[in-house]
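Numbering that gives the first Met the number 0 numbers the first residue of the sequence shown as 0 and each following residue consecutively. See structure below.
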Amino acid sequence: MMLSRWLINHLIKFITRIILCVDDSELAKIPDHGPLLVVVNHVNSLDAPVMISHLHPRPTTSLVKKETWDSPILGFLFNIWDGIPLDRDNADFAAFSLAQKALLEEKILAVAPEGTRTRDGLLIQAKPGIAMLAIKAGVPILPVAYFGHEGFVDNLKHLRRTPMKIRVGEPFHIQLNGLARSKTLMQEVADEMMIEIAKLMPEEYRGYYAKQVNHQQKYILTDGLAGQHIAKPLGVQFSQA
């Protein structure tokens, strides 16, 4: 499997260099060891292959909608990458448990809080489930933004390379200050996580969060995390309780 992953990642990088011009210099900010929850915006089907292949050999996996396995090619790729199938229509505690296992194995876990592709690159509102995952995982969270590649299909038709920029923010934790984990609170936390992504993007891509980038964050704790050794997760189990 390791050899297959190595071959696939190098093949993906070769292909993306032909169709894209990827500015991935900020990926160097990502720690080379320890568990990490990476929260990203989701533009199109290029996002995960570019992220995973460009972080190689750093072990990286992601939560992926279960319908992805309906595609033989994408299903094959995410099997190689140990992708975690997610049922977006129900509370998928099995997927969350596999996500916890990946973090215990000190992998990077990439998750898109929006829960779906936007295609036009404009941010849409996050789903609240990402907040519960982040809180229970107990590892540093790193915001990452992609932009510029929303028009790659049209560019490909005209034999043009598409620029794709990747921006990496500062790690943070969630701090609830003793508040109960209500659905309303989880949505607020998820929104604050997306605001951290929005801050990394040009104004024209901020979409739903365009007017919130100067929002006073109540639950995001960043001070003192940058440059620290990434601690192991708390080891909690995901359940309906």
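Idealized CB from N, CA, C, for every residue including glycine. Quantities reported herein were computed from a predicted structural model and do not represent experimental measurements.
Reference residue i; option with closest CA among the options
i   : options                  : result
D22 : I194, M50, H55 and K65   : M50
C20 : N154, V188, P30 and H55  : N154
H32 : A179, S96, L178 and V138 : V138
D86 : I72, L97, G74 and E66    : E66
L26 : I11, G206 and K164       : K164
A47 : P34, N8 and R160         : N8
P34 : I123, T60, I11 and H41   : T60
Span separating the alpha-carbon of residue i from that of residue j
i    : j    : result
S238 : V37  : Residue placement at S238 is poorly supported in this model, since its pLDDT is 43, which falls under 50; the coordinates still yield a value, given next. If I take the Cα positions, the gap works out to 22 Å.
A90  : I129 : 11 Å
W5   : P84  : 22 Å
S52  : L108 : 14 Å
I18  : G82  : 24 Å
Q186 : P30  : 28 Å
H172 : T117 : 26 Å
P71  : P170 : 35 Å
K28  : A144 : 13 Å
E200 : N78  : The displayed chain sequence assigns Met, not Glu, to residue 200. Computed Cα separation, rounded: 31 Å.
I196 : L2   : 33 Å
E202 : E191 : 17 Å
Classification of residue i by the beta-carbon crowding that lies within 10 angstroms, buried from 16 upward
i    : result
N176 : exposed
Q215 : exposed
L97  : buried
D69  : exposed
I194 : buried
L62  : buried
L158 : exposed
So within the stretch 128-165, which uninterrupted beta strand (DSSP E) runs reach at least 3 residues, ignoring any that extend past its ends? Runs of the beta strand (DSSP E) inside the stretch 128-165: 140-146.
Residue ranges of each beta strand (DSSP E) within the stretch 80-104, 3 or longer: Counting only runs of 3 or more, we get 83-85.
Counting beta carbon pairs with one atom in the stretch 91-101 and one in the stretch 143-152, are three or more of them shorter than 8 Å? Three or more Cβ pairs closer than 8 Å define a contact, and the stretch 143-152 falls short of that threshold against the stretch 91-101.
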